[in-house]
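**Q**
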Amino acid sequence: MAQVVAASFEFPPAFVELEEFVEIDVGPAVVEGVAYLVGILAQMGPVEHWCWSSVLCARAKPCRKAASFDRPPETPQRETLFPRATLSRSMDPLEGETPSAPIEYEPVSVKDVLVEMKDTAELLIDLSYSAVLHQSEQLATEVLRLEERMDVLEMRARMSLLMAARKPADAEQLAPVLGIVGAADGISDAAGDIAKIVLEDMGLPEAMRAALPDAAEALLRGVVAVDSAYAGRTLQDIDLESMTGVRVIALRRGSDWLLNPGPTTRIEADDVALLRGPESAIGDVCEELTGEAYEAPTAETPDIDDLERAVDTIIHMKDFSELAVDLAYSSVLFDSEELAEEVRNLEVEVDAMQSRFEAWTLRAAADATDPVVLRGLIQLGSCTERISDAAIEISEGVLREIDVHPVVQMAVQESDEIITRVEVGTGSDLDGTAVTAGVPDADSTMSVIAIRRPDEGWLLVADADAELRGGDVLISKGTRTAAAAFRDLASA
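Position 77 of the sequence shown, counting from 1, maps to 444 under the working numbering, and the rest follow consecutively.
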């Protein structure tokens, strides 16, 4: 049988002593796993000796007298191999290996980290779906880069939050904030798995590539060419959004990211720019920025009815999951139990849609020429449902009536727009009001994201027309001032 690893660790003296050893014969696979674990442990603290032995583990017990860990336990079969185990740092994390670069505690603003994690998570959702729809390995790679960045942000946030807990009351308030941090990282993990559909060539029906509604904006990645007319100029100078409707939502310069760049942000040659805008204009901007022509995804109608239903359902799941995340953050930032309840309603709806989606996908597999291409579609559905689960985790503290921690209240102050829940009163100014592309025909600057009706469930109206009725529950977005006036319009 193969030999396995035993190690002597530095514990505080007078805390533990070795009592007895258990000898276990194991196979080569276990040896490899234990050796990998040794490498991880070597990064976590001082290790005096590492050796190969037939001894697998030691049982420890509390004691009063000091125990010596100056040398490894005496065993007749000991061999001094690998005095210090280390992890390889040369493997590219984008090749599938989690980066092992050490992270040490540094004082950071938890508020700033929360804001950055929120912005990054929302960007990751858009990027990952765009990577799938455009079959873009470049976009998919950017998703994995951002996912790696999110892992670092999560660790720094957890360190700072743990340092802030002084007493039980602090722990009670900080627990939901840890949930928010974990949920944001969960969203990034789901986005990373969506991107791997492209990078690992899992297969996806061609009909999925052009499945987004016509009114949806396109999202592209481009490298700024040296001879680009935009290179060396600020966004204010270019005035891209006013001229074309296309905006730069993020820039990457080397390994540094800038999310939500402002008017004074200067675009430099070789920057990686993420663009969002209407399909009709983004192609010209992309060509001007990169010097390369843009090819829009070609529309293709599925020839299998069940597959068409599955594709339509996955798009609705995406919309509902994104809405759930928006509402979840709003419920926490504004301590709104009403919004948290709507998050739960949306999550239940997404679960039901996933069940229908899986049934239609399995039925479609029976008629598909190559059922293997549906593998990526199944993973896409699973990841989308995980995003809605993360929304529940974000709002869980509010649902459990735990007061929002002041650090989250501070983050609210940086929010320009809020999302609010309003019920339309029968006979109110909004009763009977038409909504065109999410904009109500009323004296208000608020936009309506979704409507929940008792007899119809949820209606997403950001890209559709509807008429408001008494009893409708509206999820709307706008400034605080506009939200207060909008609530007055909804009151009977």
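For each residue, glycine too, the CB sits at the ideal point set by N, CA and C.
No experiment lies behind these values; they were computed from the predicted model shown.
In the DSSP assignment, what are the bridge partners of Ser866?
**A** Coverage of the chain is limited to positions 368 through 859, which leaves residue 866 absent and any answer about it impossible.
**Q** Report the three-state DSSP secondary structure of Asp459 (helix, strand or coil).
**A** Here Asp459 scores only 49 on pLDDT, less than 50, and its place in the model is too uncertain to base an answer on.
**Q** Alpha helix (DSSP H) containing Asp479: first to last residue?
**A** First-last of the alpha helix (DSSP H) with Asp479: Val477 to Leu500.
**Q** Could you give the DSSP three-state label for Leu835: helix, strand or coil?
**A** If DSSP states are grouped into helix, strand and coil, Leu835 belongs with coil.
**Q** Which term fits Met484, buried or exposed, when burial requires 16 or more other beta carbons within 10 angstroms of its beta carbon?
**A** With 16 or more Cβ atoms within 10 Å of its Cβ, Met484 is classed as buried.
**Q** Give the C-beta separation of Ile786 and Asp693 to the nearest angstrom, bearing in mind that I take them to be a contact with Cβ-Cβ under 8 angstroms.
**A** The Cβ separation is near 6 angstroms, so the contact holds.
**Q** Taking all protein chains shown into account, decide if Gln603 is buried (16 or more other Cβ within 10 angstroms of its Cβ) or exposed.
**A** Result: exposed.
**Q** For Gln898 and Gly559, I'd like the C-alpha separation in whole angstroms.
**A** Residue 898 is absent from the structure shown; the chain starts at 368 and stops at 859.
**Q** If distances are taken between C-alpha atoms only, which option among Ala532, Thr657, Arg523 and Glu823 comes closest to Arg588?
**A** Nearest of Ala532, Thr657, Arg523 and Glu823 to Arg588, Cα basis: Thr657.
**Q** So Asp486 and Asn712 are in contact, right, with Cβ under 8 angstroms, and what is the actual spacing, rounded?
**A** Rounded, the Cβ-Cβ distance is 25 angstroms, inconsistent with contact.
**Q** Using only alpha-carbon positions, find the residue among Met684, Pro630 and Gly570 that is nearest to Ala719.
**A** Of the listed residues, the one whose Cα sits closest to Ala719 is Met684.
**Q** DSSP three-state call for Asp686: helix, strand or coil?
**A** Here Asp686 sits in helix by DSSP.
**Q** Measure how close the beta-carbons of Glu705 and Ser755 come, nearest whole angstrom, since I'm counting them as under 8 angstroms.
**A** So it is not a contact: roughly 18 angstroms between Cβ atoms.
**Q** Can you name the start and end residues of the alpha helix (DSSP H) that Val548 belongs to?
**A** Counting along the chain, the alpha helix (DSSP H) containing Val548 begins and ends at Pro535 to Leu566.
**Q** DSSP three-state call for Glu709: helix, strand or coil?
**A** DSSP places Glu709 in helix when its eight states are reduced to three.
**Q** Based on Cα-Cα distance, which residue from Val652, Ala592, Thr601 and Val591 lies nearest to Met610?
**A** When each option's Cα is compared against that of Met610, the closest is Val652.
**Q** Helix, strand or coil for Arg854, going by three-state DSSP, please let me know.
**A** Helix at Arg854.
**Q** How many angstroms separate the CA atom of Glu646 from the CA atom of Glu752?
**A** In a straight line, the C-alpha of Glu646 is about 27 angstroms away from that of Glu752.
**Q** Check Ala859 in the structure and name its three-state DSSP category.
**A** The answer is coil: DSSP assigns Ala859 none of H, G, I, E or B.
**Q** Going straight from the alpha carbon of Leu747 to that of Gly794, what length do you get?
**A** Their backbone Cα atoms lie some 43 angstroms apart in a straight line.
**Q** Taking only three categories from DSSP, how would you classify Val519?
**A** It is helical.
**Q** Distance, Cα to Cα, Ala452 vs Arg742?
**A** For Ala452, the predicted model reports a pLDDT of 31, less than 50, meaning its position is unreliable and no value from the coordinates is stated.
**Q** Thinking just about the alpha-carbon of each residue, which of Ala758, Thr736, Ala524 and Ala731 is nearest to the one in Ile745?
**A** Minimum Cα distance to Ile745 is reached at Ala731.
**Q** What is the residue span of the alpha helix (DSSP H) that Glu655 lies within?
**A** Glu646 to Thr657 is the extent of the alpha helix (DSSP H) around Glu655.
**Q** In terms of residue numbering, what span does the beta strand (DSSP E) encompassing Gly589 cover?
**A** That run of the beta strand (DSSP E) goes Ala585 to Val590.
**Q** Might you give, ordered along the chain, the residues of its own chain that have their beta carbon closer than 7 angstroms to the beta carbon of Asp493, omitting 5 neighbours on each side?
**A** So the list reads Leu586, once near-sequence residues are dropped.
**Q** Please state whether DSSP places Leu618 in a helix, a strand or coil.
**A** It is a strand residue.
**Q** Tell me which same chain residues have a C-beta within less than 8 angstroms of the C-beta of Glu521, skipping the five on either side of it?
**A** Excluding residues within five positions, the ones whose Cβ falls inside 8 angstroms are Met484, Val548, Gly549, Ala551 and Asp552.
**Q** How would you label Ser885, buried or exposed, when you count the other beta carbons within 10 angstroms and need 16 or more for buried?
**A** The chain is shown from 368 up to 859; residue 885 falls before or after that span and cannot be answered.
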